[in-house]
Amino acid sequence: MIVISACLCGVNCKYNGKNNLNEEILKFLQEGRAVLICPEQMGGLETPRIPHEICGGDGGDVLDEKTKVINPKGGDSSLQFIKGAHESLNIAKKVGAKVAILKAKSPSCGCGEIYDGNFSATKIKGNGVTAELFLRNGIKVYTEKNFHSLK
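Read in my numbering, the sequence shown has 32 at position 48, and its numbers run on one by one without any break.
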């Protein structure tokens, strides 16, 4: 089983109420090889919701309580992001997933690159909260940019 960010399979769970449908990734679900997650919704955030970014670090720093996930108004949603990451990990463990395909650059799902926390579209090296928790638990994380070797 593969855990996949629900937005990549057409579920309207993005912060703006839309999705990031990727037809190639959707095939994993259609073939019965995947289970969908949306860590932000699973953490209790509404859809649509105000955008969030990790301020002054990455998902590992959020998990280690060294920094926060904020919105442009300064609101702190770190607890919801952490809760959603742990709920997602529980699902991954229950289905025996060793691999995930998550949404690139997301403060939850980004792997290798995320936004810098200034809401300026500037990217930095790092992982989102869920991606980092998955990696810490031995789940290999891909994004829609580099999943092609899984076919």
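By construction, the Cβ of each residue, glycine as well, lies at the ideal position given by its N, Cα and C atoms.
Taking Cβ to Cβ, would you say residue i is nearer than 9 Å to residue j?
i: cysteine -7; j: isoleucine 9; result: yes
i: leucine 73; j: threonine 114; result: yes
i: arginine 17; j: isoleucine -14; result: yes
i: isoleucine 85; j: leucine 134; result: yes
i: glycine 101; j: glycine 40; result: yes
i: glycine 112; j: cysteine 95; result: yes
i: glycine 68; j: serine 92; result: yes
i: alanine -10; j: leucine 29; result: no
Taking the alpha carbon of residue i as the point to measure from, which residue in the options has its own alpha carbon closest?
i: glycine 43; options: Ala76, His70 and Ser133; result: His70
i: leucine 117; options: Asn102, Ala76 and His132; result: Ala76
i: cysteine 128; options: Ile34, Arg120 and Asn4; result: First, the residue type needs correcting, since residue 128 is glutamate and not cysteine in the sequence shown. Among Ile34, Arg120 and Asn4, the Cα nearest to that of glutamate 128 is on Asn4.
i: isoleucine 38; options: Gly110, Lys124 and Leu13; result: Gly110
i: lysine -2; options: Gln14, Glu7 and Glu24; result: Glu24
i: leucine 47; options: Leu13, Gln64 and Ile(-12); result: Gln64
i: proline 35; options: Glu49, Lys89, Val(-5) and Leu13; result: Lys89
i: lysine 11; options: Asn55, Lys50, Thr51 and Ile(-12); result: Ile(-12)
i: threonine 31; options: Asn130, Asn(-4) and Ile108; result: Asn(-4)
i: arginine 120; options: Asn55, Asp45, Lys52 and Pro56; result: Asp45
Who are residue i's beta bridge partners in DSSP?
i: lysine 107; result: Tyr99
i: histidine -11; result: The residue you asked about is not histidine; residue -11 is serine in the sequence shown. Beta-bridge pairing links serine -11 to Ile21.
i: threonine 127; result: Leu86
For this session: Could you say if the region 47 to 66 and the region 76 to 86 meet the contact criterion of at least three C-beta pairs nearer than 8 Å?
Result: no
For this session: Scan the region 36 to 93 and note each continuous beta strand (DSSP E) run of 3 residues or more that stays entirely inside, going in chain order.
Result: 37 to 39, 52 to 54 and 83 to 86
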